[in-house]
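For the sequence shown, full-length UniProt numbering assigns the number 1 to the initial residue and increments by one for each residue that follows.
The beta carbon of each residue, even a glycine, is placed where N, CA and C say it ideally should be.
As structure tokens, the structure follows; a few thoughts come after it.
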Amino acid sequence: MSEIQTHYRTCNICEAMCGLEIQHRGNEILSIRGDNDDPFSQGHICPKAVALQDFYNDRERLKTPIKRTADGWQAISWDEAFGEIASRFRGIQQDHGQDAVGVYLGNPNAHNFGNAIMLPRFFKALGTNNRYSSASADQLPHHVASNYMLGAGMLIPVPDIDHTDFMLIIGANPIVSNGSMMTAPGVGKRLKAIQQRGGKVVVVDPRRTETAKKADQHLFIRPETDALFMLAMVHTLFEEQLVSLGHLEGRIDGLEQLAGAVRPYSPETVAEACGMTADAIRELAKNMAAAESAVCYSRMGASTQSFGGLCQWLNNLLNILTGNFDSRGGAMFPQPAFDLVRDKKGKPSSYGRYESRVRKLPYFNNEFPVATLADEILTPGEGQIRAMITIAGNPVLSAPGGARLEEAFDALDFMVAVDIYLNETTRHADLILPATTGLEVPHFDVFFNSFAVRNIARFSQPMFEKTPDQKHDWEILRDLALHLSGQQDDGVTPEAMLDLGLKHGAYGKQGMSLEKLKANPHGVDLGPLQPCLEQRIQTEDGRIRLAPRLYLDDLKRLDASGLLQANQNNDYPFTLISRRLPRSHNTWTQNSHRLVKGKNPCTLQMSPADARKLGLEDGQMATVRSATGSVQLPVEIDDDMFEGVISMPQGWGHNRPDTAMAIAQAQPGVSMNDVTDSQRIDALTGNAAFNGTRVSMQAA
1 MSEIQTHYRT
11 CNICEAMCGL
21 EIQHRGNEIL
31 SIRGDNDDPF
41 SQGHICPKAV
51 ALQDFYNDRE
61 RLKTPIKRTA
71 DGWQAISWDE
81 AFGEIASRFR
91 GIQQDHGQDA
101 VGVYLGNPNA
111 HNFGNAIMLP
121 RFFKALGTNN
131 RYSSASADQL
141 PHHVASNYML
151 GAGMLIPVPD
161 IDHTDFMLII
171 GANPIVSNGS
181 MMTAPGVGKR
191 LKAIQQRGGK
201 VVVVDPRRTE
211 TAKKADQHLF
221 IRPETDALFM
231 LAMVHTLFEE
241 QLVSLGHLEG
251 RIDGLEQLAG
261 AVRPYSPETV
271 AEACGMTADA
281 IRELAKNMAA
291 AESAVCYSRM
301 GASTQSFGGL
311 CQWLNNLLNI
321 LTGNFDSRGG
331 AMFPQPAFDL
341 VRDKKGKPSS
351 YGRYESRVRK
361 LPYFNNEFPV
371 ATLADEILTP
381 GEGQIRAMIT
391 IAGNPVLSAP
401 GGARLEEAFD
411 ALDFMVAVDI
421 YLNETTRHAD
431 LILPATTGLE
441 VPHFDVFFNS
451 FAVRNIARFS
461 QPMFEKTPDQ
471 KHDWEILRDL
481 ALHLSGQQDD
491 GVTPEAMLDL
501 GLKHGAYGKQ
511 GMSLEKLKAN
521 PHGVDLGPLQ
531 PCLEQRIQTE
541 DGRIRLAPRL
551 YLDDLKRLDA
561 SGLLQANQNN
571 DYPFTLISRR
581 LPRSHNTWTQ
591 NSHRLVKGKN
601 PCTLQMSPAD
611 ARKLGLEDGQ
621 MATVRSATGS
631 VQLPVEIDDD
641 MFEGVISMPQ
651 GWGHNRPDTA
661 MAIAQAQPGV
671 SMNDVTDSQR
681 IDALTGNAAF
691 NGTRVSMQAA
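Here you go:
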């Protein structure tokens, strides 16, 4: 019997970058624990990490290419698959133009170091502008705000949670998410530490979330009104003469324009629409301004709505105007060892370079909004998408209007999926190319070190060797690119490109390299966040733009929306919001028996008052109907819900036929995106507006 071995790696399921200690005997995994010697996560681990062994051992995971035939799915060789894909894609592009092939990137790509580095080469070989990803169903408002205010979409400010005295959390649940767009393993302990040092945590949310229950104060707010609420906060800072720019005072443009733009939005004007009192809004603004250090953090609830772009602009403004931008305890900027922001200064943004063909939505970060993907496939005419490749994504469940996307994928001439499962999206493909995953891959967090609340760097070696028949994602992308371009392999690998970036990065002179990271399997601590915006800002003149024209113009759309009048919709009287579950992250995690065992988590949460009005009881099946579709799921009566607001988890619905994910199918839930509307977007950024969907409800 072989000896027990210990392997250290970074968990790459979610953003938290938790360090893991895995004990195994050969290929048998004995335990997965938090790594107590990891300088960042310090032993913290969330429930999802145990799923890494389920991915590895799952008998349903695909390991060789398969092709749809009249007799069902058949295994084929890699060479056959690459040859057919290159031939079909090139034929379609020759007949219908380069943009006739579309690309969709799912959530796991952000956690895949090889893909992050190799995708640009693949895109160049494919030559299409029709690119889409989960980013426009998630965080696009953050990137657009950073682009227009700071000159680079990836220059994202993150809360210095470990040093702040006052944290305002809007539409976020970091205890469950571990800090989305704020990589912070063990958020619960970090929030508790704020309170233990005499600070305060305030949550504004339509639901009393797990985070809100641990906070010092929770304020209910009506969905879609976050921008009004934050405008009133900014208004109060000007009205009460509480604006203090701190060390950035000489770097600010647009202060007077901003003051004039927010003047109409007093707390008294917006309070009724928001569902809170004017005094509460005013007091919150004063408390944030008075704190020795403070930070505002808003996330999915504020981003995935009709005014998500305004929300993330206003979030930055609250931190800047209270003197808490690029300042200890405020909103700060990581200095990652592998920097995605270098050499962007003064370079033109891709925002608005093109418009989508059908709905004229903006192009940003080299992609179009996923909310219009079905339009581009189903609408005939020049530039119509006729073929697709999806890479580690399941947009049928994760993008708005999932049923229409199914119709669109069925209408394609040819479809390819790079994925480890036959799921609700990949079942529409003609060919599926499976890659290694989890414990078989090397890993470095290319993206999430850029959002981390402490500067660190870690590289994980593969724990298990892949079989001769398997390929890493980046090898699939490389070989597809070579077949498409006809070029020869130049031998460049993601590890070589990573090493080059580390040596030329912020810590290169201190000896940072891939070799150094491999010699330190627990990671290298690079220290707490430090003021660094003067060096990292990417606007041509090094100044912060407080009042970009597109945000001031978007206030007119907000005024015309009717939100201030708090209009009732008699046909659809309830507002639907999504929620995140501690043991779920994407489709893959829902085929892990460790993460889905127990009672059905896919419930419809509503307030007791709403349940009484409708005569609904706990556990009873209810029908939720929108203008685009309907679903049925069990009611969960919950005191933590704001009256008139209902909530269900996002990303479920494993009840489609012809998939091969037995564990997920046994606990299928329903897809929220069968009732969301792909026409509902934040017009400023193109981000999908899941939250705030108007629905009706009745007993099933």
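* Exposed unless 16 or more other CB atoms sit within 10 angstroms - verdict on LYS344 -> Its Cβ being crowded by 16 or more others within 10 Å, LYS344 is buried.
* Hey, out of GLN620, MET606, ILE646 and PRO601, whose CA is closest to TRP652's CA? -> It is PRO601.
* Which parts of the segment 115-159 are runs of the alpha helix (DSSP H), unbroken and 4 residues or longer, counting only runs that do not cross its ends? -> 140-150, all fully within the segment 115-159.
* **Among THR183, ALA290 and SER356, the one whose alpha carbon lies nearest that of THR128** => It is SER356.
* To do: Report the residue from GLN384, ALA232, HIS143 and ALA116 whose alpha carbon sits nearest the alpha carbon of HIS96.
  => Comparing Cα positions, the closest option is GLN384.
* In terms of residue numbering, what span does the alpha helix (DSSP H) encompassing SER87 cover? -> Taken as a continuous stretch (DSSP letters only), the alpha helix (DSSP H) holding SER87 covers 78-96.
* Starting from the Cα of SER107, find the closest Cα among SER136, LYS613 and ILE117 and give me that residue. => Note that residue 107 is Asn in the sequence shown, not Ser. The shortest Cα separation from ASN107 among SER136, LYS613 and ILE117 belongs to SER136.
* To do: Identify every residue that forms a DSSP beta bridge with CYS296.
  => Answer is LEU168.
* Outcome for ARG458 when other beta-carbon atoms lying within 10 angstroms are tallied against a minimum of 16 -> Result: buried.
* Does DSSP classify TYR104 as helix, strand or coil? -> DSSP places TYR104 in strand when its eight states are reduced to three.
* Since ALA566 is in the alpha helix (DSSP H), which residue starts that stretch and which ends it? -> Here ALA566 belongs to no alpha helix (DSSP H), and DSSP marks it neither H nor E.
* To do: Could you give the DSSP three-state label for LEU433: helix, strand or coil?
  => Strand, per DSSP.
* **Span of the alpha helix (DSSP H), counted from its first residue to its last, around THR269** => Segment 267-274, the alpha helix (DSSP H) holding THR269.
* Asked: Who pairs with ALA387 in a beta bridge, going by DSSP?
  -> DSSP, once it has assigned bridges, lists VAL101 and PHE414 as partnering ALA387.
* Asked: To the nearest angstrom, how far is it from the Cα of PHE690 to the Cα of SER647?
  -> Between the alpha carbons of PHE690 and SER647 lies a distance of about 11 Å.
* Asked: In this structure, what does DSSP give as the bridge partners for LYS200?
  -> DSSP lists PHE166 as partners of LYS200.
* Residues of its chain near ASP233, where Cβ-Cβ distance is below 7 Å and the 5 sequence neighbours each way are ignored -> One detail in the question is off: residue 233 reads as Met in this sequence, not Asp. Cβ within range, chain order: ILE281, LEU284, ALA285 and LEU318.
* To do: Using three-state DSSP, classify SER592 as helix, strand or coil.
  => In this structure, SER592 counts as coil in the three-state DSSP scheme.
* Asked: What separation, rounded to the nearest whole angstrom, lies between the Cα atoms of GLU406 and GLN23?
  -> Each residue's alpha carbon lies about 42 Å from the other.
* Segment limits, alpha helix (DSSP H) that includes ALA285 -> Here the alpha helix (DSSP H) through ALA285 covers 278-290.
* To do: Rank LEU576, MET661, LEU564 and THR623 by C-alpha distance to the C-alpha of ALA271 and give the top, closest one.
  => For ALA271, the closest alpha carbon among the candidates LEU576, MET661, LEU564 and THR623 is that of LEU564.
* To do: For the alpha helix (DSSP H) containing ALA519, list its first residue and its last residue.
  => Note, ALA519: premise wrong, no alpha helix (DSSP H); not H, not E.
* To do: Say whether chain B places a C-beta atom closer than 8 Å to the C-beta of VAL416.
  => Chain labels in this structure do not include chain B; a single protein chain is all it has.
* ASN366 vs ARG131 beta-carbon contact at 8 Å -> A Cβ-Cβ contact shorter than 8 Å links ASN366 with ARG131.
* When we look at the beta-carbon of residue 702 and count the other beta-carbons within 10 Å, is it buried (16 or more) or exposed? -> Outside the shown range of the chain (1 to 700) lies residue 702, about which nothing can therefore be said.
* Would you please state the rounded distance, in angstroms, between the beta carbons of ASP226 and CYS311? I believe it to be under 8 Å. => Rounded, the Cβ-Cβ distance is 5 Å, consistent with contact.
* State buried or exposed for MET149, treating a residue as buried only when at least 16 other CB atoms are found within 10 Å of its CB. => Counting Cβ neighbours within 10 Å, MET149 comes out buried, since at least 16 surround it.
* Between the C-alpha atoms of THR69 and LEU480, what's the straight-line distance to the nearest angstrom? -> Cα-Cα distance, rounded: 22 Å.
* Could you say which of GLY72, GLN698 and LEU482 lies nearest to ARG612 if we only look at CA atoms? => Cα-wise, what sits closest to ARG612 is GLN698.
* To do: Could you round the C-beta distance between VAL341 and MET154 to whole angstroms and report it? I think they count as a contact, below 8 Å.
  => The pair is a contact, with the Cβ atoms about 5 Å apart (cut-off 8 Å).
* For the beta strand (DSSP E) holding LEU219, just list the boundary residues, first then last. => 217-219 is the extent of the beta strand (DSSP E) around LEU219.
* Can you pull the DSSP bridge partners for GLY332? -> Note on residue identity: the sequence assigns Met, not Gly, to residue 332. According to DSSP, which records beta bridges pairwise, MET332 is partnered with VAL158.
* Out of MET388, HIS443, ALA302 and PHE238, state which residue places its alpha-carbon closest to the alpha-carbon of PRO206. => The alpha carbon of PRO206 has as its nearest neighbour, out of MET388, HIS443, ALA302 and PHE238, the alpha carbon of ALA302.
* VAL631 (DSSP reduced to helix, strand or coil) -> Here DSSP, grouped into helix, strand and coil, assigns VAL631 to strand.
* Short check: CB of ASP162 to CB of HIS522, under 8 Å? -> Pairing ASP162 with HIS522 gives a Cβ-Cβ distance that is not under 8 Å.
* Asked: Within this structure, are the beta carbons of ASN569 and TYR351 separated by less than 8 Å?
  -> Taking the C-beta atoms as reference points, TYR351 is found no nearer than 8 Å to ASN569.
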